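J.: Take this structure first; my questions come after.
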Ligand SMILES: NC(=O)c1ccc[n+]([C@@H]2O[C@H](COP(=O)([O-])OP(=O)(O)OC[C@H]3O[C@@H](n4cnc5c(N)ncnc54)[C@H](OP(=O)(O)O)[C@@H]3O)[C@@H](O)[C@H]2O)c1
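Residue numbers (the numbering used here): 6 to 184.
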């Protein structure tokens, strides 16, 4: 199936500190990155999505409220359906387009929620990236959103541009990057 012609949005979702980090040194997301308005917006986006893609650690840490999750992991050879809500996927064993074909997903939104290695993996495929920055937060030794640099530089380098801006709260900014 040629997926280049279908109306599929692949949307990254990240909330970062002013220095571009998604988690602290212990790979935990600190409370200072939490914002109620962003959380509601994020949850609504996940509810809309045909599929939520996330790393295995995030999957194990966060209970699934019934969404269809594609869990990125090296613990399977290619693809394994644990139940209708939990699908394990190893990108080294199967192309993402083949996963979508197998799941019968040809349109709608795919929400990619990280962490870093998962954001890196999808960088060239994002059609949109919702980047929320908490200006007052700094996590100098934390985990960067992308392994290759500051989020705005990496997204621009990947061909995305800021198309919309919204102040969610004082000091909490949403930028919508698109191709
Ligand atoms: N601020 C934000 O927007 C944001 C977003 C996401 C996460 N976070 C935070 O970041 C922390 C978790 O992130 P994390 O990076 O430590 O873990 P993670 O991305 O949730 O999971 C990492 C795991 O995903 C699998 N994985 C990732 N890329 C892979 C690839 N290309 N091929 C095969 N497997 C791959 C590996 O699983 P296996 O070990 O099974 O191979 C790896 O150990 C949490 O604190 C979370 O709250 C924050």
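Quick reminder that beta carbons are idealized off the backbone N, C-alpha and C, glycines included. Since this is a predicted model, take the numbers as computed values, not measurements.
1) Beta carbon of residue 27: closer than 8 Å to some heavy atom of ligand 1?
2) Rounded to a whole number of angstroms, what is the C-alpha to C-alpha distance between residue 31 and residue 144?
3) Can the beta-carbon of residue 134 be found less than 9 Å from the beta-carbon of residue 19?
4) I need the DSSP call for residue 151, collapsed to helix, strand or coil.
5) Which residue marks the beginning of the alpha helix (DSSP H) containing residue 18, and which one marks its end?
6) How far does the beta strand (DSSP E) with residue 84 in it extend, from its first residue to its last?
7) Can you tell me which of the three DSSP states residue 60 falls into?
8) Report yes if the CB atom of residue 58 is closer than 9 Å to the CB atom of residue 123, and no otherwise.
9) Just verifying my parser: in three-state terms, what is the DSSP assignment at residue 81?
10) So, using beta-carbon positions, are residue 28 and residue 154 closer together than 9 Å?
11) Starting from residue 171, trace the beta strand (DSSP E) both ways and give me its first and last residue.
12) Using only alpha-carbon positions, find the residue among 70, 149, 166 and 62 that is nearest to residue 79.
13) Please return the same chain residues whose Cβ sits closer than 6 Å to the Cβ of residue 9, not counting the five positions on each side in sequence.
14) State yes or no: is the C-beta of residue 72 within less than 9 Å of the C-beta of residue 90?
15) For residue 47, I'd like the list of residues in its chain whose CB is within less than 7 Å of its CB, leaving aside the five on either flank, ordered along the chain.
16) Using the three-state DSSP reduction, which class does residue 29 fall into: helix, strand or coil?
T.: Checking against the coordinates, here is how it stands:
1) Taking the first residue of the chain shown as position 1, residue 27 is located at position 22. Checking the Cβ of residue 27 against ligand 1 gives yes.
2) Your numbering for residue 31 matches position 26 in the chain shown. Your numbering for residue 144 matches position 139 in the chain shown. Computed Cα separation, rounded: 11 Å.
3) Counted from its first residue, the chain shown places residue 134 at position 129. Counted from its first residue, the chain shown places residue 19 at position 14. The answer is yes: Cβ separation under 9 Å.
4) Within the chain shown, numbered from 1, the residue matching residue 151 stands at position 146. Strand at residue 151.
5) Position 13 of the chain shown, counting from 1, holds the residue named residue 18. It is not in any alpha helix (DSSP H) - residue 18 instead sits in the beta strand (DSSP E) that spans 13-22.
6) Reading the chain shown from its first residue, position 79 is the one you call residue 84. Start and end: 84-88.
7) Counted from its first residue, the chain shown places residue 60 at position 55. DSSP places residue 60 in strand when its eight states are reduced to three.
8) If you number the chain shown from 1, residue 58 lands on position 53. If you number the chain shown from 1, residue 123 lands on position 118. Cβ distance < 9 Å, so residue 58 and residue 123 count as in contact.
9) Locating residue 81 in the chain shown gives position 76, where the first residue counts as 1. Residue 81: coil per DSSP, three-state reduction.
10) Residue 28 sits at position 23 when you count from the first residue of the chain shown. Residue 154 sits at position 149 when you count from the first residue of the chain shown. Not a contact, by the Cβ cut-off of 9 Å.
11) Taking the first residue of the chain shown as 1, we reach residue 171 at position 166. Residue 171 -> beta strand (DSSP E) spans 166-174.
12) Residue 79 sits at position 74 when you count from the first residue of the chain shown. Here the closest residue by C-alpha is 62.
13) Stepping through the chain shown from its first residue, residue 9 is reached at position 4. Low local confidence applies: a pLDDT of 48 at residue 9 is under 50, so the model's placement there is unreliable, and no value is given.
14) Taking the chain shown and counting its residues from 1, one reaches residue 72 at position 67. Taking the chain shown and counting its residues from 1, one reaches residue 90 at position 85. Cβ distance < 9 Å, so residue 72 and residue 90 count as in contact.
15) Here residue 47 refers to the residue found at position 42 of the chain shown. So the qualifying residues of the chain are 18.
16) As a working note, residue 29 is residue 24 in the chain shown. Correct three-state label for residue 29: coil.
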